[in-house]
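Some notes on the structure that comes next.
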Amino acid sequence: MSNAVLLVPDREFVEELIASGGGELKKCYQCATCSVVCDLAAESRPFPRKEMIWAQWGLKDRLVADPEVWLCHQCNDCSESCPRGARPGNVLAAVRQRAVKHYSVPSFLGRWVNNAKLQPMLLVITAALLALALAVKEPVEQAMSFGEPHGFYAEFFPHWLLIAFFAFFTTLAFVAAVLGIVRFWRAMKDADAGRSPPTVGLLTAIIRTITSVFVHDKFGKCTSKPSRKTAHLTAFYGFMALYVVTIWAVLDLYVLPRFGVVAMYPFDLMHPMKILANVGGVLLVFGCIKAIIDRVQKTDSSQTSTAFDWMFVWLLLLVGVTGFVIEALRFAIDPAAESAMVTVAYAIYFVHLVLVFQLLVYLPYSKFAHLLYRTTAMVYVERTGRSRQLALAA
Amino acid sequence: MDKKVAVYICRGCEIGGSLDIDALSEVVTDECEIELCRDHECLCNDAGLELIKGDIQEGANALVISGCSPRFKTDDFKFDGCTTERVNLREHVVWSHEPNDEDTQMLAADYLRMGIARAKLAELPDPFDEEIDKTILVVGGGVTGMTAALDAANAGYHVVLVEKEAELGGWAGKFAWRFPLSPPYKELEPVDLSERIAEVQGNERITVHTGTTIEKIDGQPGQFDVLVKANGSGSQFRVGAVVQATGWKPYDASRLGHLGYGASPDVISNVEMEELIKTGSITRPSNGKPARRIAFIQCAGSRDADHLPYCSSVCCRVTIKQALVTRKFDSEAEAYILYKDIRTPGQYEDFYRSAQDDPGIFFTKAEVTGVEVVGDNLQVVAENTLLGDEIRIEADLVVLATGLVPTSADGEGLRKLADAKATIAKGEEGAALEAAKVSFEEFKHLDGTEILNLGYRQGPDLPVLRHDFPDSHFICFPYETRRTGIYAAGCVRGPNDSLVSMEDGSGAALKAIQSVELASMGSAVHPRWGDMSYPDFFMQRCTQCKRCTEECPFGTLNEDEKGTPLVNLTRCRRCGICMGCCPERIISFKDYSVEIISSMIKAVDIPDEFEEKPRLLGLICENDSYPALDLAGLKRIQHSAYIRFVPVRCLGSVNTVWVADALASGFDGILLVGCRSGDDYQCHYIRGSELMETRSGNIQEKLKQLALEEERVRLEQLAISDFDKLPQIINQFAEEIDEIGLNPFKGF
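If you read the protein sequences in the order shown, they are chains A and B.
Quick note: the first sequence uses the numbering used here, first residue 20, plus one each step.
Quick note: the second sequence uses the numbering used here, first residue 2, plus one each step.
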């Protein structure tokens with residue numbers, strides 16, 4: 020008996036990848052044109068060639084534990100050049116989608132969140148949870164006496180409730196995300212079987228990765244077509260700005276007052292945080308719209324969009340748009356005079372909260388999970404020195 | 002018939018402006034004493050041709066036409082009842098040399114002298130007139146043979162189709178499914194040959210003999226007497242040409258133990274897989290349970306120095322077909338295809354694509370290192386896969402894609418076996434007996450493999466070349482074997498698919514038809530078609546040395562008990578190799594003989610040693626080298642004006658006496674130029690260049706005896722596409738001879 024690895028081809032997994040957007044994967048005949056044209060692939064054992072044949076043989080264990088599928092930014096140079104029309108870019112995207120599902124904890128959420136048909140049901144559940152929170156608002160307030168609510172929407176959904184509600188669910192999501200990342204990390208390590216030992220410390224790897232993410236340098240490597248960098252970069256910074264503002268609002272309301280700073284929330288229009296929030300919102304909405312137009316017109320290099328892609332980009336856009344609508348209504352409506360309009364504003368606010376819930380709480384299961392897995396994979400390859408090799412090759 | 006020589010010098014195509022035509026005319030009239038010499042501004046126009054025709058009416062019958070290469074205007078300068086000698090003043094003189102130069106003028110004058118010398122001796126061939134049978138015998142009733150038979154019959158020829166099995170159809174008839182034979186080349190096709198078979202059987206011009214073998218084929222093209230045997234009873238008939246379409250046999254899988262054959266009944270060959278497919282379901286031979294995981298090992302014993310070194314071209318498509326059939330039978334089945342390279346020529350790439358698209362068919366490049374039996378299962382172990390690592394794949398059934406072996410019989414080996422048997426039977430003793438015993442041991446495995454049973458001294462079947470295929474595979478002579486009038490087609494010619502085999506059938510049928518038609522006109526076949534000359538043996542002087550019998554590449558000569566050659570003229574391709582090898586010089590053609598060429602050599606005016614103008618003789622093969630020199634001329638590439646070329650039918654026809662004559666006349670060097678020999682030979686008569694190599698070895702021995710430098714005789718081989726190299730070769734040779742110095746025998 021030799022040391023040969025027993026290979027178990029998995030036809031069903033092949034069929035799953037085909038159904039997840041990798042429809043042409045069987046056409047590959049391993050010429051390696053894809054790896055040659057890819058600016059991100061390393062010189063030795065480069066992607067996406069090896070991933071293509073793994074996909075053809077349904078080698079799920081290897082694919083989901085492969086950090087390199089996450090190094091691909093899907094510029095689709097490979098798909099453009101593929102003489103066989105196998106579209107390696109799409110195949111890697113399908114593998115990533117499948118990997119997110121694979122590491123989902125609990126696994127049923129991985130299946131549900133990515134099933135377009137179940138979206139109404141998930142929205143109803145979220146709405147029900149928020150309604151439940153509203154239902155307990157008054158009894159709890161009477162029992163605990165939190166004092167006067169701040170601001171327009173706080174009349175409807177007080178901050179304490181909002182923060183408690185989202186803190187609870189995002190903590191669950193955070194735990195799920197950590198579990199997913201840990202499983203992914205372990206899988207990468209096991210699959211590597213000690214072949215590429217760490218060359219730099221974890222912290223260095225993380226710093227290098229984050230630096231790279233902030234400048235989007237990998238995106239810029241695509242040269243053959245207008246890249247998706249603009250859309251992604253604006254949406255990315257827009258989201259980051261809004262994230263910072265949200266954190267600041269929580270600090271402003273509940274932490275700074277303890278140090279004698281007067282809470283300023285809700286911020287007025289000229290408050291630096293409000294300016295940041297508005298700029299962020301604009302960037303986010305612009306980025307999402309550009310991404311959608313690019314995908315529809317296929318003017319950029321992304322060729323095939325699956326439900327996995329569409330659901331995420333539309334969700335992000337709607338969060339941004341509803342955010343601006345409720346902001347506008349807050350400044351436009353005189354709560355004392357226009358009670359009907361207030362109800363409309365509250366309804367839109369409710370919708371906004373549902374969408375934010377979908378975005379944040381289901382992050383580990385949706386396409387948004389790429390922020391977890393791609394970053395983790397980038398840290399992993401940075402740590403093992405693979406990314407140095409990649410940089411040299413490029 | 003009295004010869005009346007007439008010489009014509011064309012002034013067209015720059016000839017008139019580059020040479021002193023009057024001086025040339027004086028050479029003809031004064032020196033050669035030919036009264037009739039005319040020059041004309043354009044011999045090939047109507048006025049020019051009328052001029053010649055007028056002279057013919059006045060009695061001219063040996064024409065020397067000096068102008069363009071004989072490869073041009075061939076039909077214009079063909080005159081009934083006249084021998085025509087073309088002197089190449091255009092390509093070989095004015096286009097490739099300095100105009101109005103002393104040396105160029107001398108060259109042109111020499112070529113005229115040589116042309117006249119030849120014209121004086123060349124005769125018109127006697128008409129060959131024998132009864133020719135135009136029936137085509139097709140041996141083998143597979144797709145190739147049936148196509149050959151139908152095509153020949155539809156072209157109006159009677160065909161006899163002999164098949165040793167009880168049914169027509171061959172291998173294709175044994176299979177249930179085949180890869181597609183028509184566009185879009187994507188889908189499996191069920192095999193149904195019944196229509197084709199009915200078409201063959203129903204054709205009134207085709208006589209089908211099934212369950213029949215060939216006992217003997219005697220005679221020559223146009224006159225083959227065939228004796229066949231069926232169920233113990235024989236019958237005899239005459240045919241004109243033969244298409245051998247005996248097909249292939251699978252490579253012996255029992256020699257593939259390293260791939261698990263024999264270790265388990267579940268390791269089978271692709272032919273055995275066809276039998277499983279015919280049952281309608283794929284089951285494991287060991288236990289009859291369905292085989293759902295089937296590993297196909299490609300190039301099993303192919304492209305392998307220890308087995309078949311060549312690619313059989315069809316195995317990849319056969320495997321893809323079998324994988325698709327497997328999937329068609331059972332949607333749960335999976336096929337793993339481990340290949341060295343997938344080779345699906347031409348449009349069959351689409352067939353490969355359609356299998357690739359099936360999620361149940363898995364491909365990887367791999368070098369299979371073994372097949373192991375693990376419990377109930379088989380495991381294929383492979384390295385260098387594209388999947389990385391060394392891998393093993395579990396399978397219920399392993400199919401070895403074995404290659405095709407031609408069903409040819411090694412004619413030369415069989416002849417050696419027969420000779421050894423005869424020597425032993427004769428009761429010879431000593432060294433002869435020992436040699437015969439050794440030979441018998443070497444070839445005894447061939448006993449009983451005879452197919453055609455030809456009555457040829459050189460052996461009862463087609464001589465085989467590399468890998469036992471009887472065909473040269475050179476692009477210029479498809480289907481041709483080393484037996485005139487016998488053509489190989491289908492898998493016996495090369496490993497082919499059904500489509501190519503059918504094309505082969507058509508091609509070989511056409512070659513067979515050409516052969517009988519040309520025989521009936523008394524003409525040679527390719528490449529000398531139209532040549533009505535044939536070798537004439539002056540038997541009184543034959544010493545029974547058997548050299549001609551042995552050296553003829555086409556087995557033209559049989560021999561009587563004493564060893565005297567028995568000529569079969571229609572087997573002859575008129576290459577003149579027999580003439581070249583005959584030590585007694587008793588073999589000649591009416592327009593090509595030892596004497597004619599010698600006279601041309603001697604006609605050259607050799608300047609004496611004080612003029613310091615060396616003279617080189619070029620004996621140049623007419624097939625590729627002479628056209629190459631024409632091409633060089635067309636491209637105006639210059640070469641030394643010291644060389645005089647004599648075209649020869651084949652280097653093999655060069656008799657060494659010409660070399661002696663040339664040296665005796667004062668030539669300083671001799672250049673022999675012909676086609677390539679060796680495994681990838683391009684010699685139009687197969688062995689001509691090779692035989693010349695041997696003979697030039699002997700020549701150089703002679704040179705040594707005469708205390709002459711070996712370098713004075715040089716053999717060069719080139720392809721027609723090397724035309725640009727030929728002038729370099731000539732110039733280099735001229736320089737070398739210049740360094741060596743003049744022939745010391747000059748002037749004796």
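From the three backbone atoms N, C-alpha and C, an ideal C-beta is built for every residue, glycine too.
Item, Value
"Chain-order list of residues whose beta-carbon lies under 8 Å from that of residue 374 of chain A (same chain, five-residue window excluded)", "334, 337, 338, 341"
"Touching by the beta-carbon criterion (3+ pairs, under 8 Å), the segment 377–392 of chain B and the segment 353–368 of chain B", "yes"
"Helix, strand or coil at residue 245 of chain B according to DSSP, with G and I counted as helix", "strand"
"Residues of its chain near residue 54 of chain A, where Cβ-Cβ distance is below 7 Å and the 5 sequence neighbours each way are ignored", "60, 65, 66, 67, 68"
"Contacts around residue 51 of chain B, its chain only, beta-carbon distance under 8 Å, and the 5 residues preceding and following it disregarded", "none"
"Inter-residue Cα distance where the pair is residue 674 of chain B and residue 64 of chain B", "27 Å"
"Cβ-based neighbour list, residue 7 of chain B, same chain, cut-off 6 Å, excluding 5 preceding and 5 following", "37, 56, 61, 64"
"Exposure label - residue 81 of chain B; buried when at least 16 CB within 10 Å", "exposed"
"Whole-angstrom C-beta distance between residue 392 of chain B and residue 23 of chain A, which should lie under 8 Å", "5 Å"
"Euclidean distance between Cα positions of residue 101 of chain B and residue 108 of chain B", "11 Å"
"Residue-level contact to chain A via CB, residue 568 of chain B, 8 Å cutoff", "no"
"Those residues which DSSP pairs with residue 1 of chain B across a bridge", "Outside the displayed range of chain B (2 to 749) lies residue 1 of chain B, so it cannot be described from this structure."
"Interface positions of the segment 367–401 of chain B facing chain A (Cβ-Cβ less than 9 Å), listed along the chain", "370, 371, 373, 375, 380, 382, 383, 384, 386, 387, 388, 389, 390, 391, 392, 393, 394, 395"
"Amino acids of chain A, ordered along the chain, whose beta-carbon sits closer than 7 Å to that of residue 291 of chain B", "Here the premise fails: no neighbours, minimum Cβ distance about 16 Å."
"Three-state class that DSSP yields for residue 56 of chain B in the structure shown", "helix"
"8 Å Cβ cut-off: residues of chain B touching residue 30 of chain A", "335, 360, 361"
"Contact under 8 Å by Cβ, residue 592 of chain B with residue 534 of chain B", "yes"
"Interface partners of residue 327 of chain B on chain C, CB under 8 Å", "Absent here is chain C; the protein component of the structure consists of chains A and B."
"Any C-beta of chain B under 8 Å from that of residue 118 of chain A", "no"
"Contact set between residue 1 of chain A and chain B, taken where Cβ atoms lie within less than 8 Å", "Residue 1 of chain A cannot be examined here, being either before or after the span of chain A that is shown, 20 to 413."
"Contact the segment 248–255 of chain A vs the segment 301–310 of chain A: 3+ CB pairs below 8 Å", "yes"
"Other residues of its chain near residue 325 of chain A: CB distance less than 6 Å, five sequence neighbours each side excluded", "40"
"Top-ranked residue by Cα proximity to residue 380 of chain A, from A:275, A:224, A:212, A:123", "A:123"
"Residue 41 of chain B in three-state terms, based on DSSP", "strand"
"Test item: CB-CB of residue 398 of chain B and residue 460 of chain B under 8 Å", "no"
"Where the beta strand (DSSP E) containing residue 217 of chain B begins and where it ends", "213–221"
"Proximity test, Cβ basis, 8 Å: residue 87 of chain A and chain B", "no"
"Beta-bridge pairing of residue 251 of chain A - partner residues as DSSP gives them", "Note: residue 251 of chain A sits in no beta bridge, so no partner."
"Whole-number beta carbon distance between residue 268 of chain B and residue 401 of chain B, since they are thought to touch under 8 Å", "7 Å"
"Pick from B:292, B:569, B:581 that is closest to residue 598 of chain B, judged by C-alpha positions", "B:581"
"Residue interval of the alpha helix (DSSP H) (run including residue 371 of chain A)", "358–380"
"CB contact below 8 Å: residue 357 of chain B versus chain A", "yes"
"Cβ-based neighbour list, residue 278 of chain B, same chain, cut-off 7 Å, excluding 5 preceding and 5 following", "177, 178, 323, 326"
"Distance CB(residue 740 of chain B)-CB(residue 730 of chain B) smaller than 8 Å", "no"
"Residue 67 of chain B - partner residues in DSSP beta bridges", "B:10, B:88"
"Straight-line Cα distance separating residue 229 of chain A from residue 127 of chain A", "31 Å"
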